[in-house]
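Numbering (full-length UniProt numbering), first residue to last: 1 to 138. Ideal Cβ placement from N, Cα and C applies to all residues, glycine included.
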């Protein structure tokens, strides 16, 4: 946490990080730490080093985990990687999707990370939603 985060936590009780239960064992998507409430609620991306606070209500956390780290909000696990990759036109890498069996852009000169693959995986891949480990409260 930055000095600014520490100072905010000292002066504002809502700014103090609190632990949140994961949906199931091995859940890589759900933030283990949250702070603030309502529209201001933030989740800590612990995949980033050091951690990074992102808003939950405006989908910043969702977008970041899915398209920066490649972690599905549905399965809570990393997207399945391409079965194979190939170079096209010296500036484009394509991957073979296990689900639709199509060659899909993985990265190009402008987007060197895998955001193109993650966007495809989010739309195409079918995941079974894991069962929660704790019983639902009524």
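At a cut-off of 3 residues, the continuous stretches assigned as beta strand (DSSP E) that sit fully inside the UniProt domain "Transcription regulator Rua1 C-terminal" (27-125) are 33-35, 42-45, 52-55, 85-88, 92-96 and 103-108. Pairwise C-beta distances place the segment 96-105 in contact with the segment 117-136, as three or more of them are shorter than 8 Å. The beta-carbon separation of residue 73 and residue 81, rounded to 18 Å, does not stay under the 8 Å limit for a contact. Two segments are said to touch when three or more pairs of C-beta atoms, one from each, lie closer than 8 Å; by this definition the segment 39-49 does not touch the segment 77-96. Judged by their CB atoms, residue 34 and residue 20 are nearer to each other than the 8 Å cut-off.
The Cβ neighbour count for residue 75, taken over all protein chains shown within 10 Å, is at least 16; the residue is labelled buried. Judged by beta-carbon spacing, residue 71 lies beyond the 8 Å limit of residue 127, meaning their Cβ atoms are not closer than that value. Short of 7 Å from the beta carbon of residue 62, and not among the five residues preceding or following it, lie these beta carbons of its own chain, in chain order: 73. Looking at 16, 87 and 132, the one whose alpha-carbon comes closest to that of residue 53 is 16.
C-alpha of residue 57 to C-alpha of residue 14: approximately 16 Å in a straight line.
For residue 115, the closest C-alpha among the options 40, 69, 24 and 9 is that of 69.
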